[in-house]
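Here is the structure we will look at.
Protein chains: 2
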Amino acid sequence: MPQVTLSKRINELMVLAVLEHGPAHGYQIALSVEERTGGAFSFQHGTLYPILHRLEDEGRVRGAWRGEGRRRKTYRITTAGRAELQAGADELERQFRALLGLLRGTHAA
Amino acid sequence: MPQVTLSKRINELMVLAVLEHGPAHGYQIALSVEERTGGAFSFQHGTLYPILHRLEDEGRVRGAWRGEGRRRKTYRITTAGRAELQAGADELERQFRALLGLLRGTHAA
DNA sequence: GAATAATATATAGGTAATCTTTATATCGCA
DNA sequence: TGCGATATAAAGATTACCTATATATTATTC
Numbered sequence: 001m002p003q004v005t006l007s008k009r010i011n012e013l014m015v016l017a018v019l020e021h022g023p024a025h026g027y028q029i030a031l032s033v034e035e036r037t038g039g040a041f042s043f044q045h046g047t048l049y050p051i052l053h054r055l056e057d058e059g060r061v062r063g064a065w066r067g068e069g070r071r072r073k074t075y076r077i078t079t080a081g082r083a084e085l086q087a088g089a090d091e092l093e094r095q096f097r098a099l100l101g102l103l104r105g106t107h108a109a
Numbered sequence: 110m111p112q113v114t115l116s117k118r119i120n121e122l123m124v125l126a127v128l129e130h131g132p133a134h135g136y137q138i139a140l141s142v143e144e145r146t147g148g149a150f151s152f153q154h155g156t157l158y159p160i161l162h163r164l165e166d167e168g169r170v171r172g173a174w175r176g177e178g179r180r181r182k183t184y185r186i187t188t189a190g191r192a193e194l195q196a197g198a199d200e201l202e203r204q205f206r207a208l209l210g211l212l213r214g215t216h217a218a
């Protein structure tokens, strides 16, 4: 059984959460995460784009190139991605509560 | 500016939190984390011991070998470690709230 | 008394994710 | 026309975690 790690999952969930709000391309997603977390989280583009490619390969988002001029790839969340966002957020919240309980010394029942 | 990552920091803070409760050796720390997070978090010992060594090198915990028989290294949290636990827990809680706000679509003010 | 399981620590080596850097290209503004 | 912002991609370095192994003691069970 692997140890619980959060970063990878968190990054993916943040991307899905932004797309749940509406379609966006990579650059917009990065800005949106920073803005909507009050600067608490951010993406280096060297991190973000591989994540988008991974999510697309696995069918959790769908990307489409936008026609003329500057190349932009607009991503949409899929049904599978939406389901994962829901489940992932629930699981993450459960873990956070357990973690904060430990850190605060008030481990809940 | 590096992207915000949580795992490394979380692992260290969990160790410090257990030691804030009282001195313990590595094996006890691993058990305690699992028990006090209801199984939500666990340590592989290949992960835990390097973390303990790092924390000791950096003065956030102090380790002492317990004399005869089975070798055991008992760790205590230092003043510096205690300060970091406090600050780290505050920071982490702030990040969690921001993250959950994003994931839930209810980004707070 | 011998075998086995649990306790206890350590480290080497592989994998995977992130970070840094670089490359490419368009658009708006001065 | 040059610069900064927008936009995507990928190569290479770093780092952390996971797996596996090694070693040794104590307790249990047969």
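First to last, the sequence lines map onto chains F and Z.
Number 12 in the working numbering belongs to position 12 of the first sequence; there are no gaps in the numbering.
Number 198 in the working numbering belongs to position 89 of the second sequence; there are no gaps in the numbering.
We put the CB at the ideal spot given by N, CA and C, even for glycine.
In this text the structure is predicted, and so the values were computed from the model without any measurement.
Span of the beta strand (DSSP E), counted from its first residue to its last, around residue i
{"i": "G81 of chain F", "result": "Here G81 of chain F belongs to no beta strand (DSSP E); instead the alpha helix (DSSP H) covers 79-104."}
{"i": "A163 of chain Z", "result": "For the record, residue 163 of chain Z in the displayed sequence is Arg; it is not Ala. Looking at the DSSP string, R163 of chain Z is not in any beta strand (DSSP E); the run it does join, the alpha helix (DSSP H), is 154-166."}
{"i": "G148 of chain Z", "result": "Premise fails: G148 of chain Z is in no beta strand (DSSP E) and is neither H nor E."}
{"i": "G172 of chain Z", "result": "170-175"}
Closest residue to residue i among the options (Cα-Cα distance)
{"i": "H154 of chain Z", "options": "Z:H134, Z:L208, Z:D199", "result": "Z:H134"}
{"i": "T187 of chain Z", "options": "Z:S141, Z:A126, Z:T146", "result": "Z:A126"}
{"i": "E165 of chain Z", "options": "Z:T183, Z:R179, Z:V142, Z:R175", "result": "Z:T183"}
{"i": "R60 of chain F", "options": "F:I10, F:L19, F:L6, F:T106", "result": "F:L19"}
{"i": "N120 of chain Z", "options": "Z:T146, Z:G131, Z:P132", "result": "Z:T146"}
{"i": "L161 of chain Z", "options": "Z:Q195, Z:Y136, Z:E144, Z:Q204", "result": "Z:Y136"}
{"i": "G172 of chain Z", "options": "Z:G178, Z:G190, Z:T156", "result": "Z:G190"}
{"i": "P23 of chain F", "options": "F:E35, F:P50, F:E34, F:R66", "result": "F:R66"}
{"i": "V15 of chain F", "options": "F:R97, F:L6, F:R76", "result": "F:R76"}
{"i": "Q204 of chain Z", "options": "F:L48, F:I29, F:H21, F:E34", "result": "F:E34"}
Interface flag, residue i vs chain Z, CB-CB below 8 Å
{"i": "G105 of chain F", "result": "yes"}
{"i": "A87 of chain F", "result": "no"}
{"i": "H53 of chain F", "result": "no"}
{"i": "R36 of chain F", "result": "yes"}
{"i": "A98 of chain F", "result": "yes"}
{"i": "L6 of chain F", "result": "yes"}
{"i": "A30 of chain F", "result": "no"}
Closer than 8 Å to chain F by CB, residue i
{"i": "Q204 of chain Z", "result": "yes"}
{"i": "V142 of chain Z", "result": "yes"}
{"i": "A192 of chain Z", "result": "no"}
{"i": "L211 of chain Z", "result": "yes"}
{"i": "L201 of chain Z", "result": "yes"}
Residue i - containing alpha helix (DSSP H), residue span
{"i": "R145 of chain Z", "result": "135-145"}
task = Would you be able to state if there are at least three C-beta pairs under 8 Å between the region 145-154 of chain Z and the region 206-214 of chain Z?
result = no
key: Proximal residues, the region 117-135 of chain Z versus chain F, C-beta separation under 9 Å   = K117, I119, N120, L122, M123, L125, A126, V127, E129, H130
request  = Closer than 7 Å, Cβ to Cβ, to anything on chain F: give me those residues from the region 149-160 of chain Z, in chain order.
outcome  = A149, F150, S151, F152, Q153, T156
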